[in-house]
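Taking it in order: structure first as structure tokens, then the write-up.
There are 2 protein chains.
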Amino acid sequence: MLKYVEISNDIRNKIIDGIYLPNEKLPYEKDICDEYNSSKMTVKKALDILVAEGLLVKRRGSGTFVKDINPKERDNLIASTQFRGLSSFYANHKVESIILTYKVINPDKNISKKLLVNEEDFVYQIIRVRSVDGVYAVIEEMYMPIQIIPGLKKKHLYGSIYEYIERILKLKIQSAHRTITVKKATDYEIKHLNVKENDPLGIIEQVAYLDNGQAFEYSIVTHRCEEFKVNTVVFR
Amino acid sequence: MLKYVEISNDIRNKIIDGIYLPNEKLPYEKDICDEYNSSKMTVKKALDILVAEGLLVKRRGSGTFVKDINPKERDNLIASTQFRGLSSFYANHKVESIILTYKVINPDKNISKKLLVNEEDFVYQIIRVRSVDGVYAVIEEMYMPIQIIPGLKKKHLYGSIYEYIERILKLKIQSAHRTITVKKATDYEIKHLNVKENDPLGIIEQVAYLDNGQAFEYSIVTHRCEEFKVNTVVFR
DNA sequence: TAGTGGTCTAGACCACCGG
DNA sequence: CGGTGGTCTAGACCACTAA
Numbered sequence: 001m002l003k004y005v006e007i008s009n010d011i012r013n014k015i016i017d018g019i020y021l022p023n024e025k026l027p028y029e030k031d032i033c034d035e036y037n038s039s040k041m042t043v044k045k046a047l048d049i050l051v052a053e054g055l056l057v058k059r060r061g062s063g064t065f066v067k068d069i070n071p072k073e074r075d076n077l078i079a080s081t082q083f084r085g086l087s088s089f090y091a092n093h094k095v096e097s098i099i100l101t102y103k104v105i106n107p108d109k110n111i112s113k114k115l116l117v118n119e120e121d122f123v124y125q126i127i128r129v130r131s132v133d134g135v136y137a138v139i140e141e142m143y144m145p146i147q148i149i150p151g152l153k154k155k156h157l158y159g160s161i162y163e164y165i166e167r168i169l170k171l172k173i174q175s176a177h178r179t180i181t182v183k184k185a186t187d188y189e190i191k192h193l194n195v196k197e198n199d200p201l202g203i204i205e206q207v208a209y210l211d212n213g214q215a216f217e218y219s220i221v222t223h224r225c226e227e228f229k230v231n232t233v234v235f236r
Numbered sequence: 001m002l003k004y005v006e007i008s009n010d011i012r013n014k015i016i017d018g019i020y021l022p023n024e025k026l027p028y029e030k031d032i033c034d035e036y037n038s039s040k041m042t043v044k045k046a047l048d049i050l051v052a053e054g055l056l057v058k059r060r061g062s063g064t065f066v067k068d069i070n071p072k073e074r075d076n077l078i079a080s081t082q083f084r085g086l087s088s089f090y091a092n093h094k095v096e097s098i099i100l101t102y103k104v105i106n107p108d109k110n111i112s113k114k115l116l117v118n119e120e121d122f123v124y125q126i127i128r129v130r131s132v133d134g135v136y137a138v139i140e141e142m143y144m145p146i147q148i149i150p151g152l153k154k155k156h157l158y159g160s161i162y163e164y165i166e167r168i169l170k171l172k173i174q175s176a177h178r179t180i181t182v183k184k185a186t187d188y189e190i191k192h193l194n195v196k197e198n199d200p201l202g203i204i205e206q207v208a209y210l211d212n213g214q215a216f217e218y219s220i221v222t223h224r225c226e227e228f229k230v231n232t233v234v235f236r
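Chains as they are written, first to last, in my numbering: chain G, 1 to 236; chain X, 1 to 236.
Laid out in structure tokens, this is it:
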């Protein structure tokens, strides 16, 4: 385990457990260094992770303080700063999938551009309706190059595809570029998501990358509006 | 100017100008250190900014590579990783505001909680319809404590409030926590945004913070769906 | 095995805040 | 002014990749 990850996990837990209270000033960086037996740079890196998560504020010249946000928002923030699939985001809920489409196709121009493959190459096309605790949540349309993700079988689609990629193929998922937009439900969504005509929907279009920089997934996930909530922290 | 900001700006420009091409390997960190006459840690910090912006990928053991994304997406990414007001986001367009409400009120429970002020304190309530190049874009409902943002006059509301905060009050805006949701247009929006009944809308609810950690703004910005597009990069 | 990026240190110096 | 966080260095050592 890396030292700065250890330190930031420890301090995050202290905030969650209320050992450090909202608006409380953290010990001086110097003391934190002593406590964890680390250098200033390492402690700074650990604290900066928590600043990026929106849990801490640093004021040059005065100190480091716990941000005063309510616990629900805080948990939301911690969850949102991580990139997870639906299955692990709703780890304590029952996530099920209905498979509408599962085939191998040649990508159209848009898909081949997103995944950086040729139009002659083959990609999986997967369309799933996913439910959480028995309630329809999203329609997920997904494209992955078979060269990068070999051996995917239908049985994997009922659970988490990310788990297959990471645990079976031993690949590392690194990041994703997302575009969030809004649209009105079409007949297709009315049918499969059990929404009403004219209901608004949230759409997350995403290209996801492995840690070697390869794009391995292009997906368009359409969310029912009740289920749709995205949290972010932005910096100036 | 900070060294790592200089280096990252320089490399970002080289990517934008095509001096470093997609998929190209960057010089070894060692050579970059020599080029900018800096230490390894400083160069690493500069490159990590570009990784966070989604422009670069690093592969331990092989090198640092320019991510192969199309120029339009790339520009979108660069714009989205920064936290700006509408005025500076659309700096090359004509941004106008219609002021629907401008008064000082006692905050309700929700607002006082978000801004961390008492319900007896006073906050500005500002509601503006903002248009870009003559087209209605958003309704912005905004609350700011008068103690933190003193002296705001109606004339400031026609332009950029952020500019008033930064240039006149000399305060530094640091970050914002955002929640993105979706809803169906109500009569209020149909009237003021010139949208049709049942049109979907994108909502960004935001608490913004100064660099001293104070919350200075709570706002709910309702976007017409055509105008609504949020880009993010997430990491696992 | 050589070459890459990642972590970590100990300490110098600077910028900013408050009394 | 003392105390805080921010930047930067020079170099040690480690983890991973590819030839």
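Think of the CB as a built atom: it goes at the ideal place given N, C-alpha and C, for glycine as much as any other residue.
Please report the Cβ distance between G:Val-138 and G:Glu-227, rounded to the nearest whole angstrom; I am assuming they are in contact, meaning their Cβ atoms lie under 8 Å.
Confirmed, about 7 Å.
Is the stretch 46-66 of chain X touching the stretch 94-112 of chain X, taking contact as three or more C-beta pairs under 8 Å?
Contact between the stretch 46-66 of chain X and the stretch 94-112 of chain X is absent, because fewer than three Cβ pairs lie under 8 Å.
Less than 7 Å between C-beta atoms, sequence neighbours within five positions excluded: which residues of the same chain meet that for G:Gly-159?
Within the same chain, G:Gly-159 has close Cβ partners Ser-87.
Within the same chain, show all residues whose beta-carbon is closer than 7 Å to that of G:Ile-15, passing over the 5 residues directly before and after it, in chain order.
Here the set comprises Leu-55 and Val-66.
Terminal residues of the continuous alpha helix (DSSP H) containing G:Lys-114?
Residue range 109-115 is occupied by the alpha helix (DSSP H) that includes G:Lys-114.
Examine chain X for any beta-carbon lying closer than 8 Å to the beta-carbon of G:His-157, and answer yes or no.
Rather than His, the amino acid found at residue 157 of chain G in this sequence is Leu. G:Leu-157 does not count as touching chain X.
Since I believe X:Tyr-143 is in contact with X:Gln-125 (beta carbons under 8 Å), could you give me their beta-carbon distance rounded to a whole number of angstroms?
Contact between X:Gln-125 and X:Tyr-143 holds: CB atoms are separated by about 6 Å, below the 8 Å threshold.
Am I right that G:Glu-205 and G:Ile-220 are in contact with their C-beta atoms under 8 Å? What's the rounded C-beta distance?
About 5 Å; that satisfies the 8 Å criterion.
8 Å Cβ cut-off: residues of chain X touching G:Lys-113:
What G:Lys-113 touches in chain X: Asn-70.
Using the C-alpha atoms, what's the distance from G:Ile-98 back to G:Ile-161?
Distance between the alpha carbons of G:Ile-161 and G:Ile-98 is about 14 Å.
Pick out whichever of G:Pro-200, G:Lys-30, G:Ile-165 and G:Glu-166 has its Cα sitting closest to the Cα of G:Val-182.
The shortest Cα separation from G:Val-182 among G:Pro-200, G:Lys-30, G:Ile-165 and G:Glu-166 belongs to G:Pro-200.
Counting contacts by CB-CB distance shorter than 8 Å, is G:Ala-176 in contact with chain X?
Interface flag for G:Ala-176 against chain X is set, since a Cβ pair is found closer than 8 Å.
Can you find the residues in the same chain that come closer than 6 Å, C-beta to C-beta, to G:Val-233, ignoring five residues on each side of it along the sequence?
Taken in chain order, the residues that qualify are Gly-54.
Short of 7 Å Cβ to Cβ, which residues in the stretch 215-228 of chain G face chain X?
Those residues of the stretch 215-228 of chain G that come within reach of chain X (Cβ to Cβ, closer than 7 Å) are Cys-225 and Phe-228.
Cα-Cα, which of G:Ile-49, G:Asp-10, G:Thr-64 and G:Arg-12 is closest to G:Lys-30?
The option with the nearest alpha carbon to G:Lys-30 is G:Thr-64.
Pull the bridge partners of X:Met-144 from the DSSP assignment, please.
X:Met-144 pairs with X:Tyr-124.
With a threshold of 8 Å on Cβ separation, who are the neighbours of G:Met-1 within its own chain once the five nearest residues in sequence on each side are excluded?
Closer than 8 Å at the Cβ level, and outside the excluded window around G:Met-1, lies no residue.
Identify which residue in X:Ile-49, X:Thr-179 and X:Pro-71 has its Cα closest to the Cα of G:Asn-231.
Looking at the Cα atoms, X:Thr-179 is the closest of the given residues.
Just the C-alpha distance for G:Lys-45 and G:Pro-107, rounded to the nearest angstrom, thanks.
Computed Cα separation, rounded: 42 Å.
Determine whether the Cβ of G:Lys-67 lies closer than 8 Å to any Cβ atom of chain X.
Judged by the 8 Å Cβ criterion, G:Lys-67 is in contact with chain X.
X:Gly-85 to X:Asn-9, Cα distance in whole Å?
In a straight line, the C-alpha of X:Gly-85 is about 21 Å away from that of X:Asn-9.
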